[in-house]
Every structure is written in C-alpha cells, then in structure tokens.
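Q:
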Amino acid sequence: MALELATPTVDGLSSAIDALRDWQTDGSPHQLHPGDLGWFWRFGAEKTAASTRVWSRDGVVLAVGLLDEVDMLRVALAPDALRDEELTQQLVTDLTQPERGLLPAGKVYLESPNGSLLKERLAAEGWQLDAPWVPVRRDLTDPVEDPGLRVDLVGTEEAHERALVQRESFAGSTFTDDRWFTMADGPLYADARCLLGRNELGESVAAVTVWFAGAGKPGYLEPMGVHRIHRGRGYGRAITLAAARTLRELGASTAFTYTPASNVGAVATYESAGFVRQPETRDLVREA
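Those letters in the sequence shown? Residues 1 to 288, by the UniProt record's numbering.
#1: For S14, which three-state DSSP category applies?
#2: Where do the ends of the alpha helix (DSSP H) carrying residue 293 lie?
#3: What first and last residue would you give for the beta strand (DSSP E) that runs through D152?
#4: Is D191 near the ligand FMN, with its Cβ less than 6 Å from a heavy atom?
#5: Within its chain, find whatever has a CB closer than 6 Å to the CB of A213; leave out the 5 residues flanking it on each side and keep chain order.
#6: Is the segment 161 to 175 in contact with the segment 202 to 222, if contact means three or more CB pairs nearer than 8 Å?
#7: Using the Cα positions of residue 298 and V136, report the straight-line distance between them to the nearest angstrom.
#8: Under three-state DSSP, which class holds A78?
#9: Would DSSP call F212 helix, strand or coil?
#10: With DSSP as the reference, label G265 as helix, strand or coil.
#11: So is P132 buried or exposed if we call it buried at 16+ other beta carbons inside 10 Å?
#12: Of the choices A50, L122, G59 and C194, whose alpha-carbon is the least far from that of G65?
#13: Measuring CA to CA, which of L67, P279 and R277 is closest to T52?
#14: With a Cβ-Cβ cutoff of 7 Å, do V134 and R277 count as a contact?
#15: Output the boundary residues of the alpha helix (DSSP H) element that contains Y235.
#16: Between the alpha carbons of P29 and T96, how many angstroms are there, rounded?
#17: Ignoring anything shorter than 4 residues, give me the alpha helix (DSSP H) runs that lie fully in the segment 91 to 168, in order along the chain.
#18: Just confirm the distance between the C-beta atoms of D26 and T254, as a whole number of angstroms; I'd bet it's less than 8 Å.
#19: With T48 as the anchor, note down where its alpha helix (DSSP H) starts and where it stops.
#20: Find out if the Cβ-Cβ distance for the pair E222, W41 is shorter than 7 Å.
#21: Assuming F256 is part of the alpha helix (DSSP H), what are its boundary residues?
This is the structure in structure tokens:
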C-alpha cells in the first residue's frame, strides 16, 4: 500500500499521540514529543487536529508533523524510518510543492531529527541550516535534590497565576486563564503537571509544565519560565529541579528540554540543575 498523508480528526489524533509516545526513547535523536501537542492544545482540540499531519503505510504511522506556525513544521519520525527511502521521498515532495497545502511558498522552516535522510535530501534541494538549538537532558535514576523553593501543583485556583507567570516570562506570550483550562481539559494533560514556584512572600515567581510519555520514557519540560521581575535569584534552577523531581515521581527515565544556543542564560540554568548538553540540532530553512 502506498504512503498516505492525512490531517486527522480530533478523535483520530490518538494514533499520532500513541506513535509519539512509542518513539520516545533515551538515546534517540531529539524530536517532537507528545507534550508538544499537549502544549499546543491550549488553542483547542480542533486547531490541534487541523495543525497535525500523519504519514502512514499499511496503517502504521511513520511520521507525525505539527504546524507550530503557518510557516513552521515540526516532523517526528519512527526510529526505524529515519532512513526510509520511500517516506523521505514523499516528505520531500509534500514539503517542496506548496500546491500540496503543507507549507506555503516563500520562507519556511522545518524541524526534523538529527540523522534523518530527510535533512540530507532537503539540503540537496537548497534548504539551509538555521540557528542552533541545544537539547539538555538529566538522568532520573537517582533522586533529585530538593529545589529549596515552595512549589505548588497548579489547579483551577492557581490557573490565573500560572498564566500570568507565562506572560511575564515570555515577551509576546498570549497565554491566558482560558487557554490553561483548554489545555488542562485536553487528553494529554492527564499525563502532565503545571508547577508554580513561590518565594518567601508567597509570590509566584516561576512556572513550568512537565509532560509524561510513559514509565521508563523521557519526560519533557515545555515551557519553563521565570517572572521577569524575579530573575537572577536562582528561581529558574529551582523550578527546573522541581520539574525533574516530578517527572521522576511519575516514572520518567530522564527529563529533557531544549533551548536556542543563543540563550546562554537558559542553557546555564538547565546545566546548574544537573541537565547535560546534548549534540546541537538545527532547523532547516528554505529562503524562497
């Protein structure tokens, strides 16, 4: 049977989510995590489904894509399909022909795992490497040290604080109370936790959301932020340690995230919390 490209219904998202969970293993290249769909769910179930693409063969999912932006596609591949010739050719065709409706004409971006044949083929088509990102990972075999900060589990009563810290941590953030509730009502949040760090005055100073993909699998931090007026006091390290502790309690094997290499402060924060730098990864960009 030929390869099929589909935009799933909301109910049909389960196959993409299950595939992303299955593909998360320690030692595999960094790529799209179920938590990425979980975080995107803040925009609603219908938009999440409309922004997802699934490539399958004989009913087996081989690749999952998330249109994070109109011009930005993030593609995850089954571990045994990283060098799949037929799949790669189909992806190249879908990505380089705007009339197929996947990416528009003009400047576009693609995230795909290191070591994939897809990156090599698109480079041959004239796509260029974009700025580097740094994945960081912490092994959770041993207990994680106490963060030394009061950390609350976010529920309905704390949702407004979680949303506020997000907006104050990231310029241009559109996260709101309603979007937190939308995200929390989604199926992926059943395996997630939002944590809120408080200083000695009880003020909310930092926040993180962690996503669990299953026992013995890597857990994901997305996003983590420190309120802009409370930076430089170690709260980023503390909330990151709290995230790692939570993922270990859930049963994750490792905790990971990634950040632009240019954000040296974020990289240093993760390293101070025991996370280890992994090989850099770069998106591909097509300029025209």
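Even for Gly, the Cβ is constructed at its ideal location relative to N, Cα and C.
A: According to the structure shown:
#1: Residue 14 sits at position 14 when you count from the first residue of the sequence shown. Helix at S14.
#2: The structure shown does not extend to residue 293, since the chain spans only 1 to 288, so no value can be given for it.
#3: The sequence position of residue 152 within the sequence shown is 152, counting from 1. R150 to L153 is the extent of the beta strand (DSSP E) around D152.
#4: Although the ligand FMN was asked about, the structure shown includes no ligands whatsoever.
#5: Reading the sequence shown from its first residue, position 213 is the one you call residue 213. R21, Q24 and P34.
#6: yes
#7: Outside the shown range of the chain (1 to 288) lies residue 298, about which nothing can therefore be said.
#8: As a position in the sequence shown, residue 78 is number 78, starting the count at 1. A78: coil per DSSP, three-state reduction.
#9: Mapped onto the sequence shown, residue 212 falls at position 212. Reduced to three states, the DSSP call for F212 is coil.
#10: Within the sequence shown, the letter at position 265 stands for residue 265. Three-state result, G265: helix.
#11: Along the sequence shown, one-based indexing puts residue 132 at 132. Label assigned to P132: exposed.
#12: Residue mapping note: residue 65 aligns to position 65 of the sequence shown, counting from 1. Per the Cα distances, A50.
#13: Within the sequence shown, numbered from 1, the residue matching residue 52 stands at position 52. The shortest Cα separation from T52 among L67, P279 and R277 belongs to L67.
#14: By 1-based counting over the sequence shown, the position of residue 134 is 134. By 1-based counting over the sequence shown, the position of residue 277 is 277. The answer is yes: Cβ separation under 7 Å.
#15: Here residue 235 corresponds to residue number 235 of the sequence shown, with the count starting at 1. From DSSP, the alpha helix (DSSP H) with Y235 extends over Y235 to L250.
#16: Taking the sequence shown and counting its residues from 1, one reaches residue 29 at position 29. Taking the sequence shown and counting its residues from 1, one reaches residue 96 at position 96. When rounded, the distance between both Cα atoms is 24 Å.
#17: 117 to 124
#18: The sequence position of residue 26 within the sequence shown is 26, counting from 1. The sequence position of residue 254 within the sequence shown is 254, counting from 1. Confirmed, about 6 Å.
#19: Position 48 of the sequence shown, counting from 1, holds the residue named residue 48. Bounds of the alpha helix (DSSP H) holding T48 are A45 to A50.
#20: Taking the sequence shown and counting its residues from 1, one reaches residue 222 at position 222. Taking the sequence shown and counting its residues from 1, one reaches residue 41 at position 41. Going by C-beta atoms, E222 is not nearer than 7 Å to W41.
#21: On the sequence shown, position 256 is the one that residue 256 refers to. Note, F256: premise wrong, no alpha helix (DSSP H); beta strand (DSSP E) at T254 to P260.
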